[in-house]
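Protein chains in written order, with this note's numbering: chain A, 5 to 338; chain B, 119 to 837.
A virtual CB, placed ideally from N, CA and C, is assigned to each residue, including glycine.
Just so we're clear, the structure is a prediction, and the values are computed from it rather than from any experiment.
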């Protein structure tokens, strides 16, 4: 166990200055950072506990927007009546995540910054296999090894990890924005653009395995802003081997606006298929004006699945993702 | 309470006497102890799975504040012979430089605090000369013959058996069926990981250990350290789950050796990840079953081949062919192989032998029933073994026919809707399987004291691993002596008490029987002192402080262990059947358990409440084995991919429906034990996998022959 300092600033400004220390790390619920420290994934010298920042855990309507503070726990979001009324897929995703005990600690801000559950990445140090996320340049043992949980979209030869968050997929489906605070001010970023697939990272000149999101150093997620869409209904589907306390094989969030059985607007996001939530853009466009029927969904979603690239272990995920997407859209429109 | 009431204690549903201690946190587990001066130990494991240690540099680790010592093999005291125990390793730890599996201990860090020990662990610098790993499928295969063959295999199970000409019989059988069945490696994963706290006082050794067989340790450490077994004191009242992995393992020896080396108490509490290498696992195995039958489904020939992985130097045979006594069949041909790969030693786990064996045999029987075109239960009844088909001996007791009938009735088997009924997105299917279990008997010893104040104390060195054994002992004593059960207390978990058998196999049989025999002796002693009928009045009238009975439940011929009836002239086994209804979502590859019935012929049930709990818990394990549980090796490094409970799933409450009925056939096995009972262990897990696979087939028409039945396997099969 490495020694570290611990501070709990009471104000945002204090947090930003503490985060300027070298090797400083943010902690809120702590459910993920402690795993990293135990496994040797992170060895921070300074912990900055933001759990007491005033107002950062509130959930409220702000005009045509539902604002969810980053320090709201998953259980608080999942059980909140405003979330149920305006962002049902998000509430469902929160309550399908982790276990009750973890949901009472884990915050929705930190949840989207958890890292992949790839078993090669999650192993205890010293690693005896290559993992470009853990040790850049060491290779990716998962691609040559156990690839059942590998990404099928947007991965590169450097890394085939997926992002495991449930709420992230729902936020992406709901067109949420992340409100990012830093010492230099506030900016907004669509949640869909918050994370990078390995291919995107490399296209931007970053390291495909370690550049996982577009947060700047010293920048914190303060809140999510979800546009209200009274005519839409959303739902979240999580496919997993056991019925609780398990990461997904595949997830799908869908938001549907129906007029007389005809699709007026549609948003579909898949989870656990890439290092970022994966929107099915072709199907979303092609299905507007179509009737909500499994056959037409299948044909449209297949066009998005053409982009999938699978490994020997992950081939089943192509079908599973397609079927999950169909099932989620049908359920949202039911 | 009158003595007439007391005689109904056995067979009544009693709540566990140690329950409040556990619920309130007052139960003291081995690793809750901390004698003054104790050092914390952590193991440094090899980072290669094959090769040798070239150098170990401990300087940097030793420099960490709080670190007292870093021991390598050279620093250990000389070690005497390691005794050979069932399913336990024999190769001395940290002896020589060869590495046979990833995580093999190469050094021990000892520190004043656990934090210091953990900080220093990665600083122990070890250089290896790595050699190629050996993975399943590429290992050397070895046929295991008679147990005395090369002297390495003592295991009395899995030896080849052949009666008749199986090749000819298969050739001529009107109906033939053959298939291979695979199950993955799985780890025991008790919630409390193994741990040993060792303290020397001169040549006297005190151990606090998380163990389910404390009687193993005094002879072992007497041999290894050249001391008197009577000077080894083992304190182990509570063990947080065992499932077969808490017998003797090398971490125990290392803790004791380290304590001797540094002259201070040493506490070595394995972490979850350590336990993946250090305390065994159920090995990956492949089984091929070939059946021949006549057109009505009467078996003519049964051939069974099994291969399981084991370590490069440690041998464990998973005796899946020990299911061959389940059906009447004229021609039987079974044999097993091991395959040596670079992993640690496998070990018995949660119904070894029959658990794996029936996955294959009962799956094949279900598939044969489909080929013949008759109900799977009817096929089983047509092949019912009225006596032991291997030896011709009568059964000590067998009520499998009743178990089938009662289970089928409770489940509604005969009126069940067939194949692929739809409920929303789900397709519904049903399946069944039989269960058969071996009977391993050992002597047990207990002392019972009846005091003049009417209280009774049972003394015996059992450990509590959560089955409720102590409560059963009070029930037995209440009836045998004729005192109210609330007067009875149990002292357990300390080797100063009478030594008894292990808490695996059939602990109720040996220690429960010993309690019954000790009580009977106590009553004889009492009768000699007083003619009064009421035992409490009698002990008072006799004017003595207490009357004591102490007895050992011996086996015929005075042997230390016997199997499946030994020299009794009877064949002794447990039997049962499971019936399951599952739902399958063919689009998403999901399988869910909807309801189930387990029906068992397992001798007399001492406590229906704890027995039901035991069966329900093991039923849940069976579901886990069928649908989710697997430990996978990285195919390059031979390191376990997930050494935790995040990457290795076992069922959670949400997976297990409330609608599970556990039924025990009314039975008393006079031959098995003086109390009519047999062991039930984790018997509820046996055959669930085969029943689930059949139910999945019934629902969606595909056979999955490799466990677990995951969304991936289902979607691949349905594609």
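Beta-carbon gap between residue i and residue j smaller than 9 Å
{"i": "residue 462 of chain B", "j": "residue 395 of chain B", "result": "yes"}
{"i": "residue 255 of chain A", "j": "residue 270 of chain A", "result": "no"}
{"i": "residue 74 of chain A", "j": "residue 48 of chain A", "result": "no"}
{"i": "residue 206 of chain A", "j": "residue 212 of chain A", "result": "yes"}
{"i": "residue 653 of chain B", "j": "residue 601 of chain B", "result": "yes"}
{"i": "residue 81 of chain A", "j": "residue 171 of chain A", "result": "yes"}
{"i": "residue 746 of chain B", "j": "residue 245 of chain A", "result": "yes"}
{"i": "residue 371 of chain B", "j": "residue 211 of chain B", "result": "yes"}
{"i": "residue 552 of chain B", "j": "residue 483 of chain B", "result": "yes"}
{"i": "residue 257 of chain B", "j": "residue 459 of chain B", "result": "yes"}
{"i": "residue 175 of chain B", "j": "residue 227 of chain B", "result": "no"}
{"i": "residue 160 of chain B", "j": "residue 232 of chain B", "result": "yes"}
{"i": "residue 115 of chain A", "j": "residue 86 of chain A", "result": "no"}
{"i": "residue 476 of chain B", "j": "residue 807 of chain B", "result": "yes"}
{"i": "residue 337 of chain A", "j": "residue 187 of chain A", "result": "no"}
{"i": "residue 152 of chain A", "j": "residue 166 of chain A", "result": "no"}
{"i": "residue 257 of chain A", "j": "residue 177 of chain A", "result": "yes"}
{"i": "residue 742 of chain B", "j": "residue 768 of chain B", "result": "yes"}
{"i": "residue 299 of chain B", "j": "residue 710 of chain B", "result": "no"}
Contacts around residue i, its chain only, beta-carbon distance under 6 Å, and the 5 residues preceding and following it disregarded
{"i": "residue 608 of chain B", "result": "576, 588, 591"}
{"i": "residue 545 of chain B", "result": "538, 702, 817, 818"}
{"i": "residue 548 of chain B", "result": "534, 699, 813, 816"}
{"i": "residue 315 of chain B", "result": "151, 326, 385"}
{"i": "residue 131 of chain A", "result": "138"}
{"i": "residue 518 of chain B", "result": "693, 719"}
{"i": "residue 821 of chain B", "result": "815"}
Interface residues of chain B facing residue i [CB-CB closer than 7 Å]
{"i": "residue 149 of chain A", "result": "752, 753, 754"}
{"i": "residue 123 of chain A", "result": "759, 760, 765"}
{"i": "residue 324 of chain A", "result": "706, 707, 829, 833"}
{"i": "residue 408 of chain A", "result": "This structure does not reach residue 408 of chain A, given that chain A is present from 5 up to 338, and the question cannot be answered."}
Close Cβ partners of residue i (< 7 Å) along its chain, the five nearest in sequence each way excluded
{"i": "residue 755 of chain B", "result": "167, 220, 251"}
{"i": "residue 288 of chain A", "result": "270, 271, 272"}
{"i": "residue 231 of chain A", "result": "68, 69, 179"}
{"i": "residue 193 of chain B", "result": "379"}
{"i": "residue 241 of chain A", "result": "255, 256, 328, 331, 332, 335"}
Buried versus exposed, by CB contacts within 10 Å (16 or more), residue i
{"i": "residue 628 of chain B", "result": "buried"}
{"i": "residue 685 of chain B", "result": "exposed"}
{"i": "residue 10 of chain A", "result": "exposed"}
{"i": "residue 263 of chain A", "result": "exposed"}
{"i": "residue 268 of chain B", "result": "Because residue 268 of chain B carries a pLDDT of 48, less than 50, the predicted location of this residue cannot be relied on, and the following value inherits that uncertainty. Counting Cβ neighbours within 10 Å, residue 268 of chain B comes out exposed, since fewer than 16 surround it."}
{"i": "residue 103 of chain B", "result": "An answer regarding residue 103 of chain B cannot be provided, because it is not within the stretch 119 to 837 covered by chain B."}
{"i": "residue 516 of chain B", "result": "buried"}
{"i": "residue 199 of chain B", "result": "exposed"}
{"i": "residue 214 of chain B", "result": "exposed"}
{"i": "residue 309 of chain B", "result": "exposed"}
{"i": "residue 223 of chain A", "result": "buried"}
{"i": "residue 2 of chain A", "result": "Only positions 5 to 338 of chain A appear in this structure, which leaves residue 2 of chain A out of reach."}
{"i": "residue 784 of chain B", "result": "exposed"}
Close-in-space but distant-in-sequence residues of the same chain around residue i (CB under 8 Å, 5 per side omitted)
{"i": "residue 644 of chain B", "result": "568, 653, 656, 657, 660, 665"}
{"i": "residue 22 of chain A", "result": "11, 13, 28, 50, 52"}
Within chain B, partners of residue i - CB distance below 8 Å
{"i": "residue 128 of chain A", "result": "391, 761"}
Chain A residues whose Cβ lies nearer than 7 Å to that of residue i
{"i": "residue 828 of chain B", "result": "245"}
{"i": "residue 772 of chain B", "result": "247, 248"}
Chain A residues whose Cβ lies nearer than 8 Å to that of residue i
{"i": "residue 746 of chain B", "result": "245, 246"}
{"i": "residue 220 of chain B", "result": "132"}
Partner residues on chain B for residue i, Cβ-Cβ distance less than 9 Å
{"i": "residue 133 of chain A", "result": "752, 754, 755, 757"}
Are the segment 578 to 587 of chain B and the segment 499 to 511 of chain B touching by the rule of at least three beta carbon pairs closer than 8 Å? no
Is the segment 721 to 729 of chain B close to the segment 128 to 147 of chain B, with three or more CB pairs under 8 Å? These segments touch.
Check whether the segment 280 to 290 of chain B and the segment 351 to 364 of chain B are in contact - that is, three or more C-beta pairs closer than 8 Å. The segment 280 to 290 of chain B is not in contact with the segment 351 to 364 of chain B.
Quick check: the segment 521 to 535 of chain B against the segment 629 to 649 of chain B, are there 3 or more CB pairs under 8 Å? No, the segment 521 to 535 of chain B does not touch the segment 629 to 649 of chain B.
At a cut of 8 Å, does the segment 749 to 765 of chain B reach the segment 120 to 129 of chain A through at least three beta carbon pairs? yes
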